[in-house]
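2 protein chains.
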Amino acid sequence: MTLNPVRVGICGLGTVGGGTFNVLTRNANDIARRAGRPIVIEQVAYRSPNPECDITGIKTTQDVFELAANPDIDVVVELIGGYDVARELVLTAIENGKHVVTANKALIAVHGNEIFQAAHEKGVIVAFEAAVAGGIPVIKSLREGLGANRIEWLAGIINGTGNYILTHMRDEGRAFEDVLAEAQALGYAESDPTFDVEGIDAAHKLTILASIAYGLPLQFDKAYTEGISRVTAEDVEQADNLGYVIKHLGISKRTETGVELRVHPTLIPKERLLANVHGVKNAIAVMGDAVGPTLYYGPGAGAEPTASAVVADILDVARDISTDHRYRVPYLAFSGIDEVDDQPQIMPMEEIDTAYYLRLLAVDRPGVLARVATILSEEGISIEALIQKEVTDGELVPIILLTHMTREKHMNEAIRRIEAMADIAGSVTRIRVESLDEQE
Amino acid sequence: MTLNPVRVGICGLGTVGGGTFNVLTRNANDIARRAGRPIVIEQVAYRSPNPECDITGIKTTQDVFELAANPDIDVVVELIGGYDVARELVLTAIENGKHVVTANKALIAVHGNEIFQAAHEKGVIVAFEAAVAGGIPVIKSLREGLGANRIEWLAGIINGTGNYILTHMRDEGRAFEDVLAEAQALGYAESDPTFDVEGIDAAHKLTILASIAYGLPLQFDKAYTEGISRVTAEDVEQADNLGYVIKHLGISKRTETGVELRVHPTLIPKERLLANVHGVKNAIAVMGDAVGPTLYYGPGAGAEPTASAVVADILDVARDISTDHRYRVPYLAFSGIDEVDDQPQIMPMEEIDTAYYLRLLAVDRPGVLARVATILSEEGISIEALIQKEVTDGELVPIILLTHMTREKHMNEAIRRIEAMADIAGSVTRIRVESLDEQE
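Residue numbers (UniProt numbering), protein chains in the order written: chain A, 1 to 440; chain B, 1 to 440.
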């Protein structure tokens with residue numbers, strides 16, 4: 001072994017920081033044989049000690065900026081999370097000529113364009129495999145493994161908390177609030193679960209995936225985001241009866257008019273592999289023009305699964321550290337993203353095409369169903385299936401509809417008109433339906 | 001774009017060669033933006049023209065060795081298949097200082113050690129993503145994406161023909177021979193299907209996967225290989241009744257005594273993602289010590305899926321072409337494989353531990369079942385489930401058994417003793433059972 005060690009500074013010793021420290025330490029010999037050179041932890045910056053980590057003999061600091069200025073460090077590993085300090089830390093490390101590895105999806109989704117621009121100017125690597133889908137090497141697969149392809153669409157279960165809740169709602173017929181409380185007690189959900197259950201975390205990850213799939217600047221602000229907090233046990237059951245499973249998906253498609261970027265609950269056919277991804281696991285289906293359908297599955301969070309991705313990035317940095325920057329994989333997979341004139345636009349949600357599941361409550365009176373069907377027809381929406389349930393709730397009849405593909409704005413108008421009907425109680429439940437055929 | 005083009009020579013213009021030509025041509029602009037430099041097809045060597053490819057303006061030859069000597073070529077892409085000429089071609093290309101990309105699993109599994117040694121001495125890349133599981137980037141995922149991990153086991157559906165046959169046997173209750181004939185008519189199986197249905201092709205791929213998972217020299221001759229030609233419609237049905245699906249798997253596990261390397265029909269629980277991989281699709285489950293369970297799914301064969309992997313390798317070569325060889329990803333993931341003293345051995349099949357499904361035909365007479373149970377007990381094998389079916393075939397009763405984990409040699413002895421019983425007709429059907437928990 002004739003190459004010098006690569007010297008790493010770890011910022012943050014929480015869940016992921018601790019996992020990274022332990023994996024680098026435990027598997028040091030194998031990792032050195034893979035890199036062709038040792039990877040050593042030069043310094044760790046942390047606020048509170050992690051009882052899982054034995055940092056005996058390791059140089060430590062409380063100040064991440066001291067670490068980012070340490071001349072003995074080649075790679076700064078940002079695992080402190082959040083936006084502001086993390087952004088300043090990463091930009092400082094870049095300014096100091098350090099390569100950066102981060103697991104921070106919010107940082108990359110929101111400040112990625114600025115960070116990559118700064119890194120490009122300094123000729124340093126910013127790697128972020130751990131920012132999406134934990135230990136699943138989906139960034140590497142999209143940027144390199146599928147590099148031959150024009151990506152057509154991708155769809156993923158990219159938030160473990162949401163999938164845990166939907167899995168238990170389905171398996172046990174329970175309500176959202178009930179399972180959420182359990183997930184919080186078990187530590188699978190935060191005490192403020194907004195980021196996870198309202199889809200913000202998934203939208204961060206989807207923004208990153210779409211950018212590297214199509215070579216677009218990061219545009220988190222244009223993502224459509226809808227959470228799972230309004231999915232009911234009844235919808236889960238009705239979907240099941242119709243042959244579907246409800247999953248919280250991040251979906252991005254390339255169409256003739258632009259790129260779709262949307263996170264929402266989605267009915268998918270039971271036989272899809274994505275429908276069989278349970279609990280806190282993640283999976284991403286990717287369709288390429290050459291390869292066809294592919295799928296990547298694994299743990300989307302957790303100390304060592306996320307560390308697995310962080311350390312893989314460190315290995316990549318170790319291999320590319322002496323490489324001319326022009327030969328490296330571009331941050332967002334394609335070089336010259338800013339120079340493309342006819343870059344496709346992110347489509348407004350009103351313009352996307354999809355199918356729909358609708359559930360409404362109608363007064364049990366002749367002609368109501370005909371009126372609903374007429375409204376849909378007038379909006380150009382054709383019905384694939386219609387189920388009028390037995391009367392269970394006084395005189396209100398639940399009606400379940402599946403539509404063929406239509407444009408979101410037409411559905412918005414149809415729902416507005418249906419909700420205005422005197423014989424319809426409350427609001428119409430609308431969940432989008434996608435076929436996402438990965439077996440084709 | 002300031003870097004020179006990378007110049008590729010394609011040997012073979014059959015299914016994969018034609019697909020590679022077309023993908024490189026169709027997606028040339030995107031590929032150049034990914035590589036940061038154009039990738040141009042400098043020359044194509046082929047015997048018969050491929051009507052799918054427009055080679056107007058491309059330099060051609062009938063002689064692959066002329067191509068391998070062409071000083072204007074940086075990367076020789078070997079897509080002629082077979083052993084002898086392919087081996088000579090690849091070694092010649094290496095000798096001429098060319099980088100090599102190949103889709104040839106047989107070549108790598110059988111001659112890989114020699115080829116990598118030669119390439120190492122010349123400091124050139126030999127890339128082979130397309131050799132395993134077609135378009136699925138599983139080599140990249142194992143060598144790079146999971147580089148932080150000590151791999152514990154992997155198991156895959158890595159032969160599309162076999163999976164096509166087993167899928168249709170299960171869905172339609174048909175016999176092996178019947179579905180095979182259909183697969184041959186549809187072009188999914190060769191007229192001589194031995195390589196596919198007897199597991200040789202899968203064993204080639206498994207040999208490669210295991211080597212890069214654990215950093216072992218390629219040892220195809222030590223793989224245990226059992227095909228699917230003796231799987232009956234009845235076994236498929238009985239497995240289904242017990243909650244299992246029969247898949248033809250390549251399995252490799254790292255144990256305390258060595259490395260398992262085995263291809264055989266396997267009962268796996270229905271709820272596994274692997275059990276839901278249908279038709280000609282492939283999937284590989286990989287368990288790492290840090291990441292936990294992961295899975296990679298997609299098309300295992302076909303012109304453009306395989307080309308997707310070939311072109312991804314060409315992209316990697318384009319990026320690493322000027323890199324010091326010591327920084328490149330080692331051929332079999334780890335450097336210095338030959339220098340390891342205590343390299344684990346491939347275990348003989350008799351020494352592996354697994355569970356079993358057994359099906360036997362007994363004369364319907366008191367005491368037969370007790371005798372079978374006694375033999376199993378005497379061999380230290382405990383029974384998980386035992387089903388004695390209704391008498392259907394004269395006076396012979398089918399008995400179905402599931403055992404707990406035991407050692408193969410004990411099962412061999414038990415089966416020898418059971419088959420020697422006067423009241424047992426014919427031979428005992430034995431199919432191994434694996435839990436392969438990817439949801440853990």
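By construction, the Cβ of each residue, glycine as well, lies at the ideal position given by its N, Cα and C atoms.
Taking the CB atoms as reference points, tell me whether residue i and residue j lie closer together than 8 Å.
i, j, result
"G162 (chain B)", "V197 (chain B)", "yes"
"A290 (chain A)", "S308 (chain B)", "yes"
"I314 (chain B)", "V100 (chain B)", "no"
"L295 (chain B)", "L267 (chain B)", "no"
"R371 (chain B)", "M411 (chain B)", "no"
Whole angstroms are fine: how far does the CA of residue j sit from the CA of residue i?
i, j, result
"R34 (chain B)", "V311 (chain B)", "12 Å"
"L376 (chain B)", "E190 (chain A)", "51 Å"
"V263 (chain A)", "K105 (chain B)", "40 Å"
"D353 (chain B)", "R150 (chain B)", "21 Å"
"I383 (chain B)", "T406 (chain B)", "10 Å"
"G173 (chain A)", "I165 (chain A)", "11 Å"
"R7 (chain A)", "D74 (chain A)", "5 Å"
"I136 (chain A)", "G298 (chain A)", "6 Å"
"S335 (chain A)", "E144 (chain A)", "13 Å"
"P49 (chain B)", "V16 (chain B)", "13 Å"
"K59 (chain A)", "T194 (chain A)", "37 Å"
"R254 (chain B)", "G426 (chain A)", "59 Å"
"G156 (chain B)", "I31 (chain A)", "25 Å"
"I418 (chain A)", "L154 (chain B)", "53 Å"
"E260 (chain B)", "E152 (chain B)", "11 Å"
Leaving out five residues on either side along the sequence, give the residues of the same chain with a beta carbon under 6 Å from the beta carbon of residue i.
i, result
"I387 (chain B)", "I400"
"E64 (chain A)", "For clarity, residue 64 (chain A) is Val in the given sequence; the question names Glu instead. Correct list, in chain order: C11, A45 and L89."
"M349 (chain B)", "Y224 and E408"
"V345 (chain A)", "Note on identity: in this sequence residue 345 (chain A) is Gln, with Val being the wrong assignment. Closer than 6 Å at Cβ, skipping near neighbours: G258."
"K98 (chain B)", "V76"
"Q238 (chain B)", "I400"
"D201 (chain B)", "N159 and F195"
As a quick exercise: from the options, pick the residue whose alpha carbon is nearest that of residue i.
i, options, result
"V397 (chain A)", "A:L79, A:P299, A:L361 and A:I431", "A:L361"
"D342 (chain B)", "B:A414, B:T257 and B:L206", "B:T257"
"L67 (chain B)", "B:P49, B:E234 and B:I94", "B:I94"
"D240 (chain B)", "B:L218, B:A275 and B:K59", "B:A275"
"E226 (chain B)", "B:P217, B:L216 and B:K247", "B:K247"
"A181 (chain B)", "B:L218, B:S229 and B:T207", "B:S229"
"G36 (chain A)", "A:A109, A:D320 and A:L142", "A:D320"
"G302 (chain B)", "B:V317, B:D316 and B:V280", "B:V280"
"V340 (chain B)", "B:V124, B:L216, B:K205 and B:A203", "B:L216"
"P51 (chain B)", "B:P71, B:L24, B:V23 and B:G18", "B:G18"
"A86 (chain B)", "B:L3, B:K122 and B:G112", "B:G112"
"Y83 (chain B)", "B:T102, B:P71 and B:I39", "B:T102"
"M287 (chain A)", "A:A210, A:M349, A:K59 and A:L13", "A:A210"
Tell me the DSSP secondary structure of residue i in three-state form.
i, result
"S48 (chain B)", "coil"
"Q62 (chain A)", "coil"
"S308 (chain B)", "helix"
"M1 (chain B)", "Since pLDDT at M1 (chain B) reaches only 48, below the 50 mark, its modelled position is unreliable, and no value is offered."
"Q43 (chain A)", "strand"
"Y214 (chain A)", "helix"
"E413 (chain B)", "helix"
"E114 (chain B)", "helix"
"R7 (chain A)", "strand"
"N96 (chain A)", "coil"
"R371 (chain A)", "helix"
Ordered along the chain, which non-local residues of its own chain (more than five positions away) have a Cβ less than 8 Å from that of residue i?
i, result
"D364 (chain A)", "V391, E395, L396 and V397"
"F116 (chain B)", "V126, Y331 and L332"
"E351 (chain A)", "T257, G258, R407, E408 and K409"
"A118 (chain B)", "L91, I94 and E95"
Spatial neighbours of residue i within its chain, please: C-beta separation below 7 Å, excluding the five flanking residues on both sides.
i, result
"P269 (chain B)", "G243, Y244, A275 and S435"
"A109 (chain B)", "H204, T207, I208, L218 and F220"
"N96 (chain A)", "A68 and A69"
"H120 (chain B)", "none"
"T306 (chain A)", "V16, G19, A103, A130, G134 and G135"
Self-check item: Where the region 289-302 of chain A meets chain E: residues whose CB sits under 9 Å from a CB there
Solution: Given the protein chain composition of this structure (A and B), no chain E is represented.
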